[in-house]
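Working notes for the structure below.
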Amino acid sequence: MRSWPVASVLAVMGYDIDSPREAGTTRRDVLSVAAVLLAGGAFTVAGPAPHAAAESDGGCGVGYDEEFEEDLAEADEAITDDRALAPQGPPGRFALPLRRRFRVTARYGVRGNWLAGHHTGIDLAVPSGTPVHAVGGGTVVLARWSGAYGKAVTVRLRDGHYAVYAHLSRISVRQGARIGVGDRLGRSGATGRATGPHLHLEIRARRGYGSDINPVRYLARRGARLL
């Protein structure tokens, strides 16, 4: 009989949260073996395209990365285009980041030894090289190697939120570019602190680490059902 990891049990029970949890007692920026096991339970989710699910259970150990956060702040503050700086009204139409089947290998909010005390995004396992698309329009703040996030694209969305697309194998946009809904940002991979090919999608209410919100509910409220 198969023994289901804790993460899968939590998923089946509907474990979900809307807002960031308070950080746990640990402040280590290293993912422990326990956290890896916790995030390792994968289950199949039907994506919008009729392809087979990814065979690799990709996951990540993304936590607070000081260099990335400093680079993000510097790049964000360097954007002087008023149209890119301010929220641009209602969020409008949103889309899914992947157009094929995927496996959820770590839900948002799973507790572990991350600095925030929980997993700050959602991990969607797909084969390396799978196209990754923008969930919403906005301005590319960073499109480069981003420490533990590997090759990543960070977009300031039109409603003032930030979307981080991490562990890419290839980046297809440039810093400062204005993008639209569904535009291709790059291809999935396993760069940075990753255990296999997947997309780590993180939505932040503000720029800084720890302001993360539930990406599934964020997208669902904007017409894009990820799960």
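Here the sequence shown is numbered in numbering that gives the first Met the number 0, starting from 0 and rising by one per residue.
Each residue gets a CB set at the ideal place from its N, CA and C atoms; glycine is no exception.
All of these numbers come straight from a predicted model, not from anything done at the bench.
The beta carbon of D211 sits closer than 8 Å to the beta carbons of P19, Y107, A115, T119, G120, E201, I202, R203, A204 from its chain, once the five residues preceding and following it are set aside; these are given in chain order. With respect to the 7 Å criterion, T153 and V172 are not classified as neighbours on the basis of their beta carbons.
Around R155, the same chain offers G137, T138, V140, Y161 as residues with beta carbons nearer than 6 Å, after the five sequence neighbours per side are excluded. Between the C-alpha atoms of G175 and C59 there is a straight-line separation of about 27 Å. T79 is classed as exposed because its beta carbon has fewer than 16 other beta carbons within 10 Å across all chains shown.
Comparing C-alpha distances from D64 to each of G149, G181, R220, R224 shows the shortest one belongs to G149. Beyond the five residues adjoining it in sequence on each side, H132 comes within less than 8 Å, by CB distance, of A94, L95, P96, L97, R98, G181, D182, R183, L184 in the same chain, given in chain order. The Cβ neighbour count for A77, taken over all protein chains shown within 10 Å, is under 16; the residue is labelled exposed. By the CB criterion at 7 Å, W113 and G62 fall inside the cutoff.
Note on A72: under 16 other CB atoms within 10 angstroms of its CB, so exposed under the neighbour-count rule.
Inclusion of G188 and L167 in the CB contact set at 7 Å is warranted, their separation being smaller than that value.
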